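A.B. asks: Read top to bottom, the protein sequences are chains A and B. For the first sequence, position 4 matches number 6 in the numbering used here, and the numbering has no gaps at all. For the second sequence, position 157 matches number 158 in the numbering used here, and the numbering has no gaps at all. C-beta: ideal position from N, C-alpha, C; glycine also. All of these numbers come straight from a predicted model, not from anything done at the bench. Sharing a structure below in structure tokens format, with a few things to ask.
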Amino acid sequence: MIRALVLTHGSLGSELVKVVEMILGPVEGLDHGSNLGKSAADLGLEVKEWLAAGEEPAIILVDDYAGSCATCTQLALVDNPGHEDTAVICGVNLAMLLGFVTWRESSDYEELVRRIIQKGREAITQVGGS
Amino acid sequence: MTVVLARVDDRLIHGQVTVGWSQQLHPDRIVLANNEVAADPWQSRVYAASVPPDIQVSVLSVAEAVAQLARDEAHQQRIILLTASPGEMAELVRLGAALAEVNIGGLHFSVGRKEMLPFVYVNKQDLAAMRRLLDQGIELFAQQVPGGKSFHLELDQLVDMERRL
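Shown next as structure tokens:
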């Protein structure tokens, strides 16, 4: 089963995962991490340790494209045999995580990554106002 | 050359710099001065890609950054200068970078470092470098983001912190 790490500023990631479980019930293999109080080196180490902790294919979802979570994750994948092709998806939102849990057993890796990104984009829409 | 912000931040280019300070200071260029990053094309690319397209970026060794700052003097660019440690900032100054003040923006905990402020953890080398900056008449202020609390760092605080290490 494909696993995922939601790596964000502050407690955004832990709260997102909490809300996913409020909606879908307890979920395995959906972890969260934060950059709070961590140096770039420690944050990168945390990503490497998370990657090493499981055998299954992994996806890492971060909040901000240009932030330390995205930067440190990209650097943690270089020269990291077996993990160099791990997908890093920026702009994580609730719809993406719900999609991840829903589709991860029925989609192959590349298809899952594509669907998560598509779902995240579709979720940004205006429903009120003119 | 106008260095609108000389900042020590071990995360180098990240949101506090590219969004927080850049929206406040409108830099033309971010100069990242770090020997390790500059020597690694992949790290250089990742950091450079984090900068919004309307801001130029240079990822350079400390010595190259000093030369770049001298060149930019002619171009009248507004520059945010970044290093990961006070030691590198002091080295920039030793090699000729003219700075009036240095922002200590983020030094996170690592083994051997102790807390001076909630976002500033230091070791003896960091403090010695900060003292070298003060010795050059450079003001030190610790502040994470624009509008956030700013702490003016004085020599007696550094001496006091040295005793606690």
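Please list, in chain order, the residues of the stretch 18-29 of chain B that have any C-beta partner in chain A closer than 8 Å.
C.D. replies: T19 and V20
A.B. asks: So, under 8 Å CB-CB, R216/A and I4/A are touching, yes? Tell me the CB distance rounded to an integer number of Å.
C.D. replies: Here chain A comprises residues numbered 3 to 132, so residue 216/A is not present and cannot be evaluated.
A.B. asks: Taking 9 Å as the threshold (C-beta atoms), are V90/A and I61/A in contact?
C.D. replies: Within the first sequence, the letter at position 59 stands for residue 61/A. Within the first sequence, the letter at position 88 stands for residue 90/A. The answer is yes: Cβ separation under 9 Å.
A.B. asks: For V19/A, which residues from the same chain have a beta carbon less than 8 Å from its beta carbon, with the 5 sequence-adjacent residues on both sides left out?
C.D. replies: Here residue 19/A is taken as the residue at index 17 of the first sequence, counted from 1. The answer, listed in chain order, is V8, V29, L32, D33, H34 and L99.
A.B. asks: Report whether the distance from the Cβ of L83/B to the nearest heavy atom of the ligand GDP is below 8 Å.
C.D. replies: As presented, the structure is devoid of all ligands, the ligand GDP included, so that no description of it is given.
A.B. asks: From the beta carbon of P87/B, is the nearest beta carbon of chain A less than 9 Å away?
C.D. replies: Looking up residue 87/B in the second sequence gives position 86. Not closer than 9 Å to any Cβ of chain A, the Cβ of P87/B fails to qualify, so no.
A.B. asks: Skipping 5 residues on each side, what residues in its chain have a beta carbon closer than 7 Å to that of K121/A?
C.D. replies: Counted from its first residue, the first sequence places residue 121/A at position 119. Only A97, M98 and G101 meet the Cβ criterion.
A.B. asks: Could you list which residues in chain B have their beta carbon closer than 8 Å to that of Q76/A, in chain order?
C.D. replies: If you number the first sequence from 1, residue 76/A lands on position 74. Within 8 Å Cβ-Cβ: V47.
A.B. asks: Put A75/B into one of helix, strand or coil per three-state DSSP.
C.D. replies: Here residue 75/B corresponds to residue number 74 of the second sequence, with the count starting at 1. Low local confidence applies: a pLDDT of 48 at A75/B is under 50, so the model's placement there is unreliable, with the coordinate-based value given in what follows. If DSSP states are grouped into helix, strand and coil, A75/B belongs with coil.
A.B. asks: Which bits of chain A does F152/B rub up against, with CB to CB less than 7 Å?
C.D. replies: Walking along the second sequence from the start, residue 152/B turns up at place 151. The contacting residues do not exist; F152/B stays about 17 Å from chain A at best.
A.B. asks: Nearest chain B C-beta to K40/A closer than 9 Å, yes or no?
C.D. replies: Position 38 of the first sequence, counted from the start, is the residue given in the question as residue 40/A. Cβ-Cβ to chain B under 9 Å: yes for K40/A.
A.B. asks: Taking Cβ positions only, does D55/B come closer than 9 Å to chain A?
C.D. replies: Mapped onto the second sequence, residue 55/B falls at position 54. It does not: the Cβ of D55/B has no partner Cβ on chain A nearer than 9 Å.
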